[in-house]
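Student:
Structure representation (structure tokens):
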């Protein structure tokens, strides 16, 4: 509630203004903001690398950077975007901020571990940036052996160490969320009354816990082989490079669900709010997210169809990959059903959500194509794959993140962002994104390989389109950076619930007080308790 | 019923004090199994050797988990977490070894 | 009005929890979640080892026979005993028995140190025989048959890579456990653990038993491979 002439209550932003109070905070909301600043920096760093990649690819000849540099650019882009932006993004920023609020708790179960996770993240970041600054890494974000462990002459050790360390940040966050969601829900907040965002955070955390340790040990083995010359993955010494791929993808496939499930959670909050209807099929939505988390661990071999993996293994992984698409598709159907006959308002968060649903569907369908063994043989390691995962990761995960940032911005900062600019940026991103990546499906199908700094002249037109799209996309991403920061001083003051949304976080002041709830919160009887009948709904 | 409100069972379970003899009995069993596993290693049973070794190790593990780590007296959630960890390990093993054990199975060259 | 006012908490209740029981259950669940990550962490190494062992058993069998089974068995006995004493530490926490807490913690630490000492002895022997992987590795101590291909020796070295990494990682976990126990001993001596408040002892116990569990699988897989042939 805003000041009414009396001295305003301290909120979590104003209680303690020193640098020390921020760097030593154990308030989950402040830690969420620490992460937000950090991952934004990494996002633009990864984006800078992508800009140079797209510049190089405007012309068929390699004429902007050296080929070795090009390899380092796409590696930096991948490593930074995956490990230092996408994986933490929604969980570490929005999850940290919202999980206690949504379940009615005063903080996460282990507030000090939460702060530790941010420091671990930053230390991992330092090592990785050191790798970039000391000449870069040219192995691709996938660090395949034996190139990474034996032949690459670049800063592999430093990058591997950075990735190893940042994995523990992920583990600590996941651990905290799991225990918090089990043990710290307010009285009456049963599992089936939880916002679906919480289910998404829970499912994501399960993956973080069970998958990340395997990445850590894999990266450690690569480091061992590189440092000591042991032939762990060297065929001449009895090793098997494919073992690396098994261990690597055991984590890295579920990792894509770490990157995606949180966006599902965000969309599940935005869509009911801006259609003023409860989510269609709440239980199915929750079950689907848990199913994706579990099934996601059974499909990793679809990254290895042409690697030398047994055909029989390939068959199993292909079949299961089709299977894992089912819960995702169910969610898309349910969102559509939620929208049907809803009172849809085209606010900025809703634009991101609608964009998400469409783009994620395209990404998902092309994933099914890749899961088909025969098609994959043709398009593996081409731009088809690159387009597929960017539709999911940018069209899906990033749009979910941006939608969530805009949706909860008033709650986090107490200010509204300028709606016009919000819509403009969302539209710019949508157009720029599709122009960048749709041509890449065609390029891949036509045979253009990925991770090449030059290409045949016949591919140029589509590449130029893609680069043009990338420049529009870059503008689209820069806009929120500017207007969101400006809104901190110039934005309209927001009340507790500017959207008329349901959920415990909307019942407390914007920004919240340090301890979140002045009185013990009462769990609602039903989540998304929006009026079912059209005539009862007020437009937001 | 939410599990944020502790039930009398869990209150009791988490503070269930076992008699010292329970621990000593488990310890004795672990010692016996240790002798057995080393002894069996010297007897040639072919492929059964590995199976026996693993079964003994799993038995020891179960005893340590159930009694020393109090899983037997803990809330169901702890059972779930302990089982899930083990299950995930099995998944990782099963699917990876499925690749290695079936290379060449379909009589397709190079696969 | 919070439930915290209903029971005496002696200042042990953190401000974000409602009851001591909630806090205790959260700690236990947190520790089990952490142990799940450790299962997968060691599991990756176990998987690598298993793949190589099954794809080509012979070099691993040869290499394994050159580990010191006697010392390994003694160590297993030592570690299992330390698990017993650790379980008694936790029990002493439940009963609020300060002397038993201290005594059993010291015993556990002593046994753990003994384990590490024996392990160090084994490492020393392996280094002496040039079985440690790396520049000084030599297949001479393996007594390979005359007509053995070079790859056999190389793959035997791979066994030792896994042996040293897995037992080294395990030993590292033990060192951390000993360090934590050192802190606990000081606190226990000061009487800080009572029947109402012994969570730290219990969580350390869980961790220690897990370290024991890893060894229960490490020992047969590394030391008892094909001893009968």
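Residue numbers (this note's numbering), protein chains in the order written: chain A, 1 to 540; chain B, 1 to 111; chain C, 1 to 229.
Here a beta-carbon is modelled for each residue, glycine too, at the ideal position from N, C-alpha and C.
Determine contact between the segment 289-308 of chain A and the segment 194-207 of chain A, defined as no fewer than three beta-carbon pairs at a distance below 8 Å.
Tutor: Touching, yes.
Student: Suppose you measure from the CA of residue 63/C to the CA of residue 40/C; what does that come to, to the nearest Å?
Tutor: Residue 63/C and residue 40/C: Cα-Cα distance of roughly 26 Å.
Student: Are the CB atoms of residue 149/A and residue 139/A nearer to each other than 7 Å?
Tutor: It is not a contact, given that the beta carbons lie outside the stated cut-off.
Student: State the CB to CB distance for the pair residue 527/A and residue 508/A, rounded to an integer number of angstroms; the pair is presumed to be in contact (CB under 8 Å).
Tutor: About 17 Å; that fails the 8 Å criterion.
Student: Skipping 5 residues on each side, what residues in its chain have a beta carbon closer than 7 Å to that of residue 91/B?
Tutor: Excluding sequence neighbours, residue 91/B sits near nothing in its chain.
Student: Determine the DSSP secondary structure at residue 19/B, reduced to helix, strand or coil.
Tutor: Correct three-state label for residue 19/B: coil.
Student: Using a Cβ-Cβ cutoff of less than 8 Å, which residues in the same chain neighbour residue 45/B once the five nearest sequence positions on both sides are dropped?
Tutor: So the list reads 52, once near-sequence residues are dropped.
Student: Where does residue 197/C sit, in a helix, a strand or coil, going by DSSP?
Tutor: Residue 197/C falls in the strand class under three-state DSSP.
Student: Out of 258/A, 154/A, 353/A, 442/A, state which residue places its alpha-carbon closest to the alpha-carbon of residue 426/A.
Tutor: That would be 353/A, whose Cα lies nearest to the Cα of residue 426/A.
Student: What number of angstroms, rounded off, separates the C-alpha of residue 490/A from the C-alpha of residue 30/A?
Tutor: Using only the alpha carbons, I get a separation of about 21 Å.
Student: Going straight from the alpha carbon of residue 157/A to that of residue 101/C, what length do you get?
Tutor: Cα to Cα, residue 157/A sits roughly 44 Å from residue 101/C.
Student: State the CB to CB distance for the pair residue 80/C and residue 62/B, rounded to an integer number of angstroms; the pair is presumed to be in contact (CB under 8 Å).
Tutor: Actually they do not touch by this definition, with Cβ atoms about 14 Å apart.
Student: Quick check on the burial criterion: 16 or more other C-beta atoms within 10 angstroms. Buried or exposed for residue 302/A?
Tutor: With 16 or more Cβ atoms within 10 Å of its Cβ, residue 302/A is classed as buried.
Student: Strictly under 7 Å for the Cβ-Cβ distance: is residue 242/A near chain C by that measure?
Tutor: Answer no: the Cβ-Cβ gap between residue 242/A and chain C never drops below 7 Å.
Student: Give the secondary structure of residue 454/A by DSSP, where H, G and I count as helix, E and B as strand, and everything else as coil.
Tutor: In this structure, residue 454/A counts as coil in the three-state DSSP scheme.
Student: Between residue 511/A and residue 13/A, which are expected to be in contact by the criterion C-beta below 8 Å, what is the C-beta distance as a whole number of angstroms?
Tutor: 5 Å between Cβ atoms; contact.
Student: Give a yes or no on contact between the segment 81-89 of chain A and the segment 85-105 of chain B, applying the rule of three or more CB pairs nearer than 8 Å.
Tutor: Judged by Cβ distances under 8 Å, the segment 81-89 of chain A makes no contact with the segment 85-105 of chain B, as fewer than three pairs qualify.
Student: Is the segment 408-421 of chain A touching the segment 369-382 of chain A in the sense that three or more CB pairs, one from each, lie closer than 8 Å?
Tutor: Verdict: no, contact absent.
Student: Please give the ranges of any alpha helix (DSSP H) in the segment 46-92 of chain A, keeping only runs that are unbroken, at least 4 residues long and fully inside the region.
Tutor: For the segment 46-92 of chain A, whole alpha helix (DSSP H) runs of length 4 or above, ordered along the chain, are 67-79.
Student: So what does DSSP say about residue 205/A, is it helix, strand or coil?
Tutor: Note: residue 205/A maps to helix in three-state DSSP.
Student: Can you find a C-beta in chain B that's less than 7 Å from the C-beta of residue 87/C?
Tutor: Answer yes: the Cβ-Cβ gap between residue 87/C and chain B drops below 7 Å somewhere.
Student: Between residue 215/A and residue 252/A, how many whole angstroms is the CB-CB distance? I'm expecting something under 8 Å.
Tutor: Sure, about 7 Å apart at Cβ, within 8 Å.
Student: Tell me whether the beta-carbon of residue 111/C lies closer than 7 Å to the beta-carbon of residue 82/C.
Tutor: Yes.
Student: Considering just the uninterrupted stretch of the alpha helix (DSSP H) at residue 528/A, what are its terminal residues?
Tutor: Residue 528/A -> no alpha helix (DSSP H), and no H or E assigned at all.
Student: Taking residue 74/B as the query, report the chain A residues whose CB atoms sit under 7 Å from its CB, ordered along the chain.
Tutor: By Cβ distance, chain A contributes nothing, its closest Cβ being about 13 Å from residue 74/B, past 7 Å.
Student: Using CA atoms only, rank isn't needed, just tell me which of 520/A, 184/A, 192/A is closest to residue 287/A.
Tutor: The shortest Cα separation from residue 287/A among 520/A, 184/A, 192/A belongs to 192/A.
Student: With three or more C-beta pairs closer than 8 Å as the rule, is the segment 176-188 of chain C touching the segment 95-109 of chain C?
Tutor: Segments in contact, yes.
Student: What is the DSSP secondary structure of residue 401/A, counted as helix, strand or coil?
Tutor: Helix.
Student: Have a look at the DSSP bridge pairing and note the partners of residue 18/C.
Tutor: Residue 18/C pairs with nothing; no bridge assigned.
Student: Between residue 92/B and chain F, is the shortest Cβ-Cβ distance under 7 Å, so that the two count as touching?
Tutor: Note that chain F does not occur in the displayed structure, where the protein chains are A, B and C.
Student: Is it the case that the Cβ atoms of residue 162/A and residue 128/A are separated by a distance below 7 Å?
Tutor: Taking 7 Å as the Cβ cut-off, residue 162/A and residue 128/A qualify as a contacting pair.
Student: How is the alpha helix (DSSP H) around residue 60/C delimited, first residue to last?
Tutor: 57-64 is the span of the alpha helix (DSSP H), which, as asked, contains residue 60/C.
Student: Buried or exposed for residue 209/C, please, with buried defined as at least 16 other CB atoms from any protein chain shown within 10 angstroms of its CB.
Tutor: Buried, by the Cβ-count rule.
Student: Any chance you could list the alpha helix (DSSP H) runs of at least 4 consecutive residues sitting entirely within the segment 3-37 of chain A, in chain order?
Tutor: Listed in chain order, they are 19-23.
Student: Does the ligand ZN have a heavy atom nearer than 6 Å to the CB of residue 26/B?
Tutor: This structure lacks the ligand ZN, and indeed carries no ligand of any kind.
Student: Please decide whether residue 16/C counts as near chain A, where near means a Cβ-Cβ distance under 7 Å.
Tutor: True, the Cβ-Cβ gap to chain A drops below 7 Å.
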